[in-house]
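Notes follow the structure.
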Amino acid sequence: MNFFEQGKKDLTQETEMEILQKQKHKQVFIGSTKKVPGHTMFSFNTVTKEIKIAPVKREAVIDYRTRTPRYKESIIIEKNCIYFQALNKKNFIKKLKRYGYTL
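Converting from the sequence shown to the working numbering requires adding 21 to each position, the first position being numbered 1.
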């Protein structure tokens, strides 16, 4: 009987671990901003001080009024990063300095 009881304990522990892992990957809405035509979304990693263009995920969504496809863009959020829109990298650095971030 001890063999079967040990197997049951292991199964319950595995299910508890899976539940905890699923909770860690929960999506949370942070905010939204309007896209300015001609501007690029940049990301700044506060730990490594790296500046790069933010990765964007583009999805096709059907507009029910006009029955035509529209595109919804969302930014893939990375850990320890902040995001701003700017015309180019030089202006993005100016915005970072204005908000108190050091390079």
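No residue lacks a Cβ here, since even glycine has one placed at the ideal position from N, Cα and C. All values derive from a computational prediction rather than experimental measurement.
- DSSP links Asn66 through a beta bridge to Cys102.
- From the listed residues Glu94, Ile103 and Val82, the smallest Cα separation to Lys73 is found for Ile103.
- Within the same chain, Ile83 come within 8 angstroms of Thr89 by CB-CB distance, once the 5 residues on both sides are set aside.
- Listed in chain order, the non-local C-beta contacts of Ile97 below 8 angstroms within the same chain comprise Ala75, Pro76, Val77 and Lys78, local neighbours out to five positions each way being set aside.
- Under a 10 Å Cβ-count criterion, Leu108 is classified as exposed, with fewer than 16 other Cβ atoms of the shown protein chains found around its own Cβ.
- Rounded to whole angstroms, Lys110 and Ile51 show a C-alpha spacing of 24 angstroms.
- Secondary structure of Arg119 (DSSP, three-state): helix.
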